[in-house]
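K.L.:
In the working numbering, the protein residues as written are 231 to 492.
1) Can you round the beta-carbon distance between residue 278 and residue 362 to whole angstroms, since I take them to be within the 8 Å contact cut?
2) What runs of the beta strand (DSSP E), each 3 residues or longer, lie entirely inside the stretch 314-400?
3) Under a three-way DSSP split, which group does residue 422 fall into?
4) Between the stretch 270-290 and the stretch 307-315, can you find at least three pairs of beta-carbon atoms closer than 8 Å?
5) When the Cα atoms are used, what is the spatial distance from residue 387 to residue 374?
6) Considering only the alpha carbon of each residue, which of 294, 251, 303 and 318 lies closest to residue 260?
7) Could you please give me the residues that DSSP links to residue 462 through a beta bridge?
8) Using 10 angstroms around the beta-carbon of residue 411, count the other beta-carbons present and answer buried if the total reaches 16, otherwise exposed.
9) For residue 335, count neighbouring C-beta atoms within 10 Å of its own C-beta (all shown protein chains included) and say buried if the count is 16 or more, exposed if not.
10) With DSSP as the reference, please indicate the residues paired to residue 501 in a beta bridge.
11) I need the boundaries of the alpha helix (DSSP H) containing residue 447, first residue and last residue.
12) Under DSSP, the alpha helix (DSSP H) around residue 472 begins and ends at which residues?
13) Roughly how many angstroms lie between the CA atoms of residue 429 and residue 445, to the nearest whole one?
14) Would you say residue 251 faces chain C, with C-beta separation under 8 Å as the test?
15) Can you tell me where the alpha helix (DSSP H) with residue 267 in it begins and where it stops?
16) Which residue's Cα is closest to the Cα of residue 467: 481, 457, 476 and 337?
17) Enumerate in chain order the residues of its own chain whose CB-to-CB distance from residue 487 is below 6 Å, with the five nearest sequence positions on each side excluded.
18) Hey, would you say residue 339 sits closer than 8 Å to residue 370, going by beta carbons?
19) Can the beta-carbon of residue 314 be found less than 8 Å from the beta-carbon of residue 257?
20) Below 8 Å between beta carbons: does that hold for residue 471 and residue 269?
21) Would you call the stretch 397-405 in contact with the stretch 239-247, where contact means no fewer than 3 C-beta pairs closer than 8 Å?
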C-alpha cells in the first residue's frame, strides 16, 4: 500500500451519498458504508469534502437562496446539511477513520458567492494530529449578499491552493467527464476545455451549484493558477475511492496546460 506524507483531498459528490431526487434528505446508507470502508484502508493524511445532495439543495431551492437572502432558509438549509455531515462523520468513525466535522458556516466568509476567507489553522492542526477534517457544501455569510450557498466544489480547490495540496479527486456519479458519445474524456486542460464544454452538463434536478460543468470550471481555474492536477472519477464503483487514494489515476484528469510553470 502506497502511503503519501502529503495530504490528499477527497470530494464525495452529493449524488453519491444521497438520493438527490428525494424531496428531503435521504442518505444512501449502503454506498456510505462502502465508501467509509474504502477510506478506512488509506493510511495517509486526508481532508474529505462532501456535497449537500438532497439535504441542502432541496431547501436552498425552496427558499430561493441562490437568488437572495432568506434568514429562515439559511438556518433550515444549514441545519439540514449538518445532519448529513453528522451521519457521514459517524459512519467514518465507525470504521476508525477519526473524522471530525468542520462546518463552513462557522469558519468561512464569502463575497458575491466566492470564498473571501476561511479559517484554516484548525484544519492544519487536525491533519498534523491524525484527524480527518470533513467539510461540506453549506450556507455561509456573504459580505455582499448577506448569505450564499457555498458548494463543496468551490471548497476543494480553495483548500488545495491555500494548504498546498497537490492531489485531489472528485468522486462523482459518472465515470468522469463524458463526451457526446457517453465515453470518458481522459484529460481536459484550459486549452482543450472549449472543445468539450458543450457536452458537459450543468445543473440538474435540485442542484443549485452548477453540476458537472461547475466542477470542471472550478478545477480548471485551479489548474491555471497552480501546478495542481485533479481527477473526476466514479465513486459509485467499488474500490475506485481506495484506488484513487492510493495513487491511481482514473476517470478524467483536469491538468494545467503543457509547459505550465509555477
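Glycine included, every Cβ here is placed at the ideal spot set by N, Cα and C.
P.N.:
Looking at the coordinates:
1) In the chain shown, counting from the first residue as 1, residue 278 sits at position 48. In the chain shown, counting from the first residue as 1, residue 362 sits at position 132. About 6 Å separates the two Cβ atoms, so the contact holds.
2) 329-331, 338-341, 344-348, 362-366, 368-372 and 376-380
3) As a working note, residue 422 is residue 192 in the chain shown. DSSP places residue 422 in coil when its eight states are reduced to three.
4) yes
5) The sequence position of residue 387 within the chain shown is 157, counting from 1. The sequence position of residue 374 within the chain shown is 144, counting from 1. Between residue 387 and residue 374, the C-alpha separation is close to 22 Å.
6) The count along the chain shown starts at 1 and reaches residue 260 at position 30. The residue with the shortest Cα to Cα distance from residue 260 is 318.
7) For the purposes of this step, residue 462 is taken as the residue at position 232 of the chain shown. Paired residues: 400 and 482.
8) As a first step, residue 411 is located in the chain shown; it is residue number 181 there, counting from the start. Its Cβ having fewer than 16 others within 10 Å, residue 411 is exposed.
9) Reading the chain shown from its first residue, position 105 is the one you call residue 335. By the 10 Å Cβ count, residue 335 comes out buried.
10) The chain is shown from 231 up to 492; residue 501 falls before or after that span and cannot be answered.
11) As a position in the chain shown, residue 447 is number 217, starting the count at 1. Run containing residue 447: 441-454, per the alpha helix (DSSP H) assignment.
12) Position 242 of the chain shown, counted from the first residue, corresponds to residue 472. Counting along the chain, the alpha helix (DSSP H) containing residue 472 begins and ends at 470-475.
13) For the purposes of this step, residue 429 is identified with residue 199 of the chain shown, where counting begins at 1. For the purposes of this step, residue 445 is identified with residue 215 of the chain shown, where counting begins at 1. Those two C-alpha atoms are separated by around 14 Å.
14) Among the chains of the structure shown, chain C does not appear; only one protein chain is present.
15) Position 37 of the chain shown, counted from the first residue, corresponds to residue 267. Here the alpha helix (DSSP H) through residue 267 covers 259-270.
16) Working through the chain shown from its first residue, we reach residue 467 at position 237. It is 481.
17) Residue 487 sits at position 257 when you count from the first residue of the chain shown. Only 419, 420 and 421 meet the Cβ criterion.
18) Within the chain shown, numbered from 1, the residue matching residue 339 stands at position 109. Within the chain shown, numbered from 1, the residue matching residue 370 stands at position 140. Taking 8 Å as the Cβ cut-off, residue 339 and residue 370 qualify as a contacting pair.
19) As a first step, residue 314 must be located in the chain shown, where it is residue number 84. As a first step, residue 257 must be located in the chain shown, where it is residue number 27. Going by C-beta atoms, residue 314 is nearer than 8 Å to residue 257.
20) Position 241 of the chain shown, counting from 1, holds the residue named residue 471. Position 39 of the chain shown, counting from 1, holds the residue named residue 269. Yes, these two residues count as a Cβ contact at 8 Å.
21) yes
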